[in-house]
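Have a look at the structure below before the remarks.
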Amino acid sequence: MAPSGVRRAALRRAVLAFGRSGLRTLPWRETRDPWAILVSEVMLQQTSPARVLEPYRRFLRSFPTVRACAAAGPGDVLRAWAGLGYNRRARNLHRAATVMVERHGGDVPADLAALCALPGVGPYTARAVLVFAYETDHAVVDVNVARVIARAVEGGAVSAARVQEVADGLVPRGRGW
182 MAPSGVRRAA LRRAVLAFGR SGLRTLPWRE TRDPWAILVS EVMLQQTSPA RVLEPYRRFL
242 RSFPTVRACA AAGPGDVLRA WAGLGYNRRA RNLHRAATVM VERHGGDVPA DLAALCALPG
302 VGPYTARAVL VFAYETDHAV VDVNVARVIA RAVEGGAVSA ARVQEVADGL VPRGRGW
């Protein structure tokens, strides 16, 4: 069951209204730097924003660019990551930085497939980077978004691919960020 145009427009308005009134001010929301956004998204995996704030700032002071992170030793990256736990994310971020230097000239790719090919970057993180850094019109679908789309828009259980397709169709063109 595809969402009707009226229901789709109402859902867009509700989401945009929530965004205007409900979003907190966070440093990664005040930049379009793809590296800073990738760092924030990796740090926010399984960690609350309050716990990420200071490590995020510390990490970017130590490694302000992809090249700086790739040039560092893994131990330096882990030390800058201290306090966040899940150290595998730091190791993957370091590996991703190395790949970006080797394959992308030190830039964070602006392509979904290239982002998803980076160590530790999945579909959610890749789309978040595309939306927040490059202002593309992708939907960033987490468990909660998927639940709303499945229940409120589609009327029941649907595949992850269908949820992503519907969510992408709900993004107001030119306003994905």
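Our numbering numbers the first residue of the sequence shown as 182 and each following residue consecutively.
Where a beta carbon is used, it is the ideal one built from N, C-alpha and C, also for glycine.
All values derive from a computational prediction rather than experimental measurement.
Closest residue to residue i among the options (Cα-Cα distance)
i      : options                           : result
Cys250 : Gln227, Leu265, Ala327 and Leu219 : Leu219
Glu316 : Glu211, Gly357 and Ala191         : Gly357
Arg276 : Gly266, Ala252 and Tyr267         : Ala252
Asp292 : Gly254, Ala314 and Thr279         : Ala314
Ser221 : Tyr305, Gly350, Arg189 and Gly336 : Tyr305
Tyr267 : Gln226, Val329, Arg213 and Leu351 : Gln226
Beta carbon of residue i nearer than 9 Å to that of residue j
i      : j      : result
Val223 : Arg270 : yes
Asp323 : Pro353 : no
Leu234 : Leu274 : no
Val326 : Ala348 : yes
Arg248 : Val196 : no
Ala333 : Val339 : no
Arg204 : Arg232 : For clarity, residue 204 is Leu in the given sequence; the question names Arg instead. It is not a contact, given that the beta carbons lie outside the stated cut-off.
Cβ separation of residue i and residue j, assumed to be a contact under 8 Å, to the nearest whole Å
i      : j      : result
Val289 : Trp216 : 6 Å
C-alpha distance - residue i paired with residue j, whole-angstrom precision
i      : j      : result
Glu211 : Leu241 : 14 Å
Pro245 : Gly286 : 16 Å
Asp300 : Phe199 : Reading off the sequence shown, one finds Pro at residue 300, where the question assumed Asp. Distance between the alpha carbons of Pro300 and Phe199 is about 33 Å.
Ala307 : Gly355 : 18 Å
Arg343 : Ser202 : 29 Å
Ala294 : Gly336 : 30 Å
Leu192 : Pro255 : 44 Å
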